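To keep things clear, I will list the structure first and then write my remarks on it.
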Amino acid sequence: MEFVRALWLGLALALGPGSAGGHPQPCGVLARLGGSVRLGALLPRAPFARARVRAALARAALAPRLPHNLSLELVVAATPARDPASLARGLCQALAPPGVAALLAFPEARPELLQLHFLAAATETPVLSLLRREARAPLGAPNPFHLQLHWASPLETLLDVLVAVLQAHAWEDVGLALCRTQDPGGLVALWTSRAGRPPQLVLDLSRRDTGDVGLRARLAPMGAPVGGEAPVPAAVLLGCDIARARRVLGAVPPGPHWLLGTPLPPKALPTAGLPPGLLALGEVAQPPLEAAIHDTVQLVARALGSAAQVQPENVLLPAAVNCGDLRPAGPESPGRFLARFLANTSFQGRTGPVWVTGSSQVHTSRRFKVWSLRRDPRGAPAWATVGSWRDGQLDLEPGGASARPPPPPGAQARPKLRVVTLVEHPFVFARDPDEDGQCPAGQLCLDPGTNDSATLDALFAELANGSVPRALRKCCYGYCIDLLERLAEDTPFDFELYIVGDGKYGALRDGRWTGLVGDLLAGRAHMAVTSFSINSARSQVVDFTSPFFSTSLGIMVRARDTASPIGAFMWPLHWSMWLGIFAALHLTALFLTLYEWRSPYGLTPRGRNRSTVFSYSSALNLCYAILFGRTVSSKTPKCPTGRLLMNLWAIFCLLVLSSYTANLAAVMVGDKTFEELSGIHDPKLHHPAQGFRFGTVWESSAEAYIKKSFPEMHAHMRRHSAPTTPHGVAMLTSDPPKLNAFIMDKSLLDYEVSIDADCKLLTVGGKGRNPMCYGIGLPQNSPLTSNLSEFISRYKSSGFIDLLHDKWYKMVPCGKRVFAVTETLQMSIYHFSGLFVLLCLGLGSALLSSLGEHAFFRLALPRIRKGSRLQYWLHTSQVGTGRAAETATPADTDLAGSVPIGPEVPTAPEGWKRARRAVDKERRVRFLLEPAVVVAPEADAYAYAEAEGPVWLCSNGRPPAARPMGRLRQALVRRGELLAQLEDSARHRPLRLLQAIAAPAEAPPHSGRRGSQE
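In the working numbering, the protein residues as written are 23 to 1036.
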């Protein structure tokens, strides 16, 4: 069509008359215009509004491009007063020669609007009025010369929203209650045309009543009779201000569902005294006045450009209008010609899609929210968002409609939600898509970098048809994305995902919320899913589901490579453990000594009858040797009780040394020093030294907590804070480091520590103090809150939340180092309490073993001595049981005379050395397990030469005594030998007594040397 018009215009110019063969009109028109097209303007009377509109018109006049490089010239109509005569006089002066192509007006009251309506039709001059809600156009036949652009919500759009809400709830019969309406009949007719059917009941409440009784009487027809149903299921209240609406709704009878048709902002909606379930609506994201003025000027400029391509002389040179003589200007006046082009012009403006409807309304994009009055968890009335309307499309949230009609064939049954997120590892990751712009894993999300609602809507529309720029496409995945996918399957719903534009969680700045909270409050998103901390400030403006993750406030510090101190070898064990080891060592040595000396078989003069004894120093030497695992020359206990206790001590030392060695290796591997901080209450943070820098993330829950609880600490740290967690970690790990400590949620810090390639980071604090929880953020009183909370509780009980934690936290190299060195690496006495209990049980069982030894010695040993073949005890006994059981072998012959008594005792003092050496030689223990021939002095050898069979020797190498007299003589000789060692000459009388006893006895044929001397 444009090509045909251009072709027609070219032919007309080429074939028209003229000396040069061209059309003379364009050149003549341009010469008469002077390079501009005049556009009239009727400005508001208020000085501030007048200056604002004049500035907006000046900027808008520079933007459009007219044909032939023409520009727009603004002509302000001089109207000192707004009475009908003054207004008409000022407008006629503006329309007088040279005239204007169109007129922009800003009427402030209905009489001005009616006069403009009449003047535009009478003069056939296009007039475009920017209206407020108080100045609505007459509800009559449309005037093609008077176009109206409603800066506020037009009545037609408001009725479209109400009809869409009623249809969504399947309410067909409707009643209307009208408060202040200039033309009730016209409003009812407009409702009928928009809804497709007339209202069932209409009540006029425009007359003021003296009290609530009369108001209830007027509203009574809407109520349900006793035991019956209401005449209409729903009623709409129109044309009421806030005060009047509160009074009317407080007096409504029970029965129908009420809708407040007056659009109100969310903060102006009352809650007290209103019926539960009341529905209200309000316009959100209303375009500014400057945007509406810009689109109005653009509409006139585009229409002028299109009309100039057809009849430039008829459009660019409008005919002068004489208000005193309004005669027809031919078959089609310039104003009528331009009005046809205005009615057919459409474009994408700053307020959205712009076009002119059949009722002479300039359409701009509108957005409405639908709220419902419900009860919050505490039982107080509160408004909940149940839907949104935009450009004729109503989207209700799940549960927003009580009775929704079935969707038409091909329509989408699952609701579609817009979800905002924030990249925070490991809860949300973002990466670039593949070559085809798709995400093999995760969810496709947008990174718009802005919070503008119109931009977001346009980007998601482009995303649907695949024309969104590749740089804005991202693939989002992580802990929260997995949780969101599971919720979308179970609830169910579909969602579109985008990353918050400013990259912040949300805080109150200059009276406005930023970040995630700001997007929820502005209606840009239905849900916020990330590591979204629940705190009191955010809970006052948005709702949260039940927590899906619990954490606390943590502090990240960096390791410093320093030389180990001299006492580093003691780090693996706590001081209490070192004290316990050495206390147990000395106690065990004491018990070893006691049991050895109290045993009948111990290494003592009374037990083994030896010159060497097992003393307390011997026990200490043995215990230290076992503890340090070194073989030294030490005495060992001989009694069973002592050996049992010694083995238990060896087990104790083995386990302690193994743990010490393993822990020492861990300490030496991680031989790094960290900034010693105990937590958020550490004095280093509240009274920082010079050069000590620490920070957190801007507008995070951690910053909000510190700002509220520790204002001085927040004042010091705010200049060192970072925009994101990775940025703060980078400041901590830089060389030289810009931070000494970084404060943030412990769950986020733990992940950053775990992925640290050098393992130089560590988290401290966060042991149950300052607990924090993550939840899903939703607008206040959203019906999704309870449903999502129920599913999250199910996921916790079923183990799904634990699986998510294991998936995103247990696959990292340094994750097990998230602890404090001084608290966890050192093993205290409590870690080895079982070993100490085992050692104490060993001491008790050793006491029982000692009692068993004494019982054996006193009860069992005498019977063993009476038995035969006792030589087999010699090779199994280690504690003297075989020696104790060793007795004389029964024999019929008298061997008393043939048993050598011992070495000759010298009579002179100089022979004592030789006697002592002989005694020591005789006291050596020899175990002979085979029969042998007695090698003795000559008399003994001769006496045993005649014996029949082998002779069993005793352990000391002497032949057994045959008679009790011989045994007594041997015992006395032995006693004499011991006395001789003590060099006590006064105690030589037993030897003389022995000689006196042995004299009368008959000497054997082969007596020893001592016998011959006697």
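Note that CB positions come from ideal geometry on N, CA and C, so glycine has one too.
Computed from a predicted structure; not experimentally measured.
Reduced DSSP secondary structure (H/G/I, E/B, other) of residue i
{"i": "Thr573", "result": "strand"}
{"i": "Trp619", "result": "helix"}
{"i": "Ile777", "result": "coil"}
{"i": "Gln5", "result": "Nothing can be reported for residue 5, as the shown portion of the chain is limited to 23 through 1036."}
{"i": "Pro220", "result": "coil"}
{"i": "Pro430", "result": "Bear in mind that a pLDDT of 39 at Pro430, under 50, signals an unreliable position, so the number given afterwards is only what the model happens to contain. Residue state, collapsed to three classes: coil."}
{"i": "Thr367", "result": "coil"}
{"i": "Tyr638", "result": "helix"}
{"i": "Trp393", "result": "strand"}
{"i": "Phe764", "result": "strand"}
{"i": "Leu92", "result": "coil"}
{"i": "Ala186", "result": "helix"}
{"i": "Gly414", "result": "coil"}
{"i": "Val522", "result": "coil"}
{"i": "Thr683", "result": "helix"}
{"i": "Cys675", "result": "helix"}
Outcome for residue i when other beta-carbon atoms lying within 10 angstroms are tallied against a minimum of 16
{"i": "Trp597", "result": "exposed"}
{"i": "Ser382", "result": "buried"}
{"i": "Ile264", "result": "exposed"}
{"i": "Gly866", "result": "exposed"}
{"i": "Lys768", "result": "buried"}
{"i": "Gly821", "result": "exposed"}
{"i": "Cys497", "result": "buried"}
{"i": "Ser368", "result": "exposed"}
{"i": "Glu968", "result": "With a pLDDT of 42 at Glu968, under the threshold of 50, the modelled position of that residue is not reliable, and the figure given next carries that caveat. Looking at its Cβ environment, which holds fewer than 16 other Cβ atoms inside 10 Å, Glu968 is exposed."}
{"i": "Ala78", "result": "buried"}
{"i": "Thr147", "result": "buried"}
{"i": "Gln204", "result": "exposed"}
{"i": "Ile814", "result": "buried"}
{"i": "Cys661", "result": "buried"}
{"i": "Gly295", "result": "exposed"}
{"i": "Ala257", "result": "buried"}
{"i": "Thr626", "result": "buried"}
{"i": "Glu446", "result": "buried"}
Inter-residue Cα distance where the pair is residue i and residue j
{"i": "Ser756", "j": "Leu783", "result": "12 Å"}
{"i": "Gly236", "j": "Val563", "result": "39 Å"}
{"i": "Met987", "j": "Asn643", "result": "46 Å"}
{"i": "Leu152", "j": "Gly62", "result": "14 Å"}
{"i": "Ala323", "j": "Pro164", "result": "23 Å"}
{"i": "Met794", "j": "Val786", "result": "16 Å"}
{"i": "Arg132", "j": "Arg495", "result": "50 Å"}
{"i": "Pro278", "j": "Asp317", "result": "42 Å"}
{"i": "Met668", "j": "Ala647", "result": "11 Å"}
{"i": "Val254", "j": "Gln320", "result": "46 Å"}
{"i": "Pro288", "j": "Gly528", "result": "20 Å"}
{"i": "Asp565", "j": "Tyr796", "result": "12 Å"}
{"i": "Leu444", "j": "Val522", "result": "6 Å"}
{"i": "Arg229", "j": "Leu260", "result": "14 Å"}
{"i": "Asp479", "j": "Thr552", "result": "22 Å"}
{"i": "Pro759", "j": "Ala726", "result": "25 Å"}
Enumerated in chain order, which unbroken segments of the alpha helix (DSSP H) with a length of 4 residues or greater are wholly contained in the segment 125-157? 132-145
Pairs of beta-carbons, one from the segment 72-82 and one from the segment 110-123, closer than 8 Å: are there three or more? no
Inspect the CB distances between the segment 573-580 and the segment 817-834 and report whether three or more fall short of 8 Å. Output reads no: the segment 817-834 does not touch the segment 573-580.
If we require 3 or more residues per run, which beta strand (DSSP E) segments fall completely within the segment 486-516? 495-499
Cβ pair count under 8 Å reaching 3, the segment 370-379 against the segment 140-154: Using a C-beta cut-off of 8 Å, the segment 370-379 makes no contact with the segment 140-154, since fewer than three inter-stretch Cβ pairs fall below that distance.
Would you be able to state if there are at least three C-beta pairs under 8 Å between the segment 606-624 and the segment 637-652? yes
What are the complete beta strand (DSSP E) segments, minimum 3 residues, inside the segment 434-468? Annotation: the segment 434-468 contains the following complete segments of the beta strand (DSSP E) (minimum length 3 residues), in chain order: 438-443, 451-453 and 465-468.
Entirely enclosed alpha helix (DSSP H) segments - the segment 251-339, minimum 4 residues: Counting only runs of 4 or more, we get 264-272, 311-330 and 334-337.
contact_flag[the segment 457-472, the segment 355-367] where n(CB pairs < 8 Å) is 3 or more: no
Could you pull out every unbroken beta strand (DSSP E) segment of at least 3 residues lying fully inside the segment 535-567, listed in chain order? For the beta strand (DSSP E) assignment, the uninterrupted runs of no fewer than 3 residues enclosed by the segment 535-567 are, from N- to C-terminal side, 564-566.
Given 8 Å as the limit, is there contact between the segment 710-717 and the segment 742-761, that is, 3 or more CB pairs closer than that? Yes, the segment 710-717 touches the segment 742-761.
Please determine if the segment 191-206 and the segment 169-182 are in contact, where contact requires at least 3 C-beta pairs separated by less than 8 Å. no
Stretch pair the segment 445-460 + the segment 529-542: three plus CB contacts closer than 8 Å: No, the segment 445-460 is not in contact with the segment 529-542.
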